[in-house]
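> Taking the working numbering, the leading residue of the sequence shown gets 2, the next gets one more, and so forth. Virtual Cβ for every residue (Gly too), placed ideally from N, Cα, C. Computed from a predicted structure; not experimentally measured. My structure is below; once you've seen it, I'll send some questions.
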Amino acid sequence: MSSLQEQLMKAGLADKKKATQIKHEKRKKAKQQPKGHKAKDELKEQIAADKQRKIEQDRALNEQKQAELKAKEQRATIKQMLEHHGVTDFKGEIDYNYIYQGVTKTFKVNPKIKQSLVQGTLAICAIDNLVKLIPDVIARKLQTIDPDVVLVMHDRLAKQDIDEDDPYAEYQVPDDLMW
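Written out as structure tokens, the structure is:
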């Protein structure tokens, strides 16, 4: 079978002059367009996509490093506050139990410190195996930075809601029972 141009010429719908002119224009367009033009465009697109992906990876890595740096700074701040504001004169003969990293630990405290812990004016805080007794004001500041640092802090403002129908309402249950 012959080409479409030949078929049109045989049918009398196109002449030889018109066919050569169309062929010439086709060849001219092909020569004007540089060879490998499509390959260059694809290469440029691939380079741009790689560059964009690299920028996104760098941004994500930078955000991760910033978060790690911020966490490290917070830990250093917490440690410094614990060391600076820690109560040192608490040694006594009364055991005060608390839980740290899933294990029950014990402080030997004097009666005054125990009463302060029960009332909520002192708190037990820990970070990286550094456990300290600190004032509740400092413990609240630490709690805003990292809630996991505060191990024991009784709320001194909390009052138990007493139910009017409770038959034991007039009997107070002490919080400092020794078991």
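1. Give the straight-line distance between the Cα atoms of Thr-107 and Asp-51, rounded to the nearest whole angstrom.
2. How long is the line joining the alpha carbons of Ala-1 and Lys-55, rounded to whole angstroms?
3. What residue does the alpha helix (DSSP H) around Pro-112 start on, and which one ends it?
4. Take Val-174 and list the residues in its own chain whose beta-carbon comes closer than 6 angstroms to its own, dropping the five residues that flank it on each side.
5. Given a threshold of 16 other Cβ atoms within 10 Å of its Cβ, counted over all protein chains shown, does Ile-48 qualify as buried or as exposed?
6. For the segment 84-94 against the segment 62-74, do three or more pairs of beta-carbon atoms, one drawn from each stretch, fall closer than 8 angstroms, so that the two count as touching?
7. For the candidate residues Val-110, Thr-89, Ala-127 and Lys-109, whose alpha-carbon lies nearest to that of Gly-103?
8. Which residue wins for smallest C-alpha separation from Leu-123, given the options Ile-79, Thr-89 and Glu-7?
So, from the listed chains and residues:
1. 58 angstroms
2. This structure does not reach residue 1, given that the chain is present from 2 up to 180, and the question cannot be answered.
3. 112-120
4. none
5. exposed
6. no
7. Ala-127
8. For Leu-123, the closest alpha carbon among the candidates Ile-79, Thr-89 and Glu-7 is that of Thr-89.
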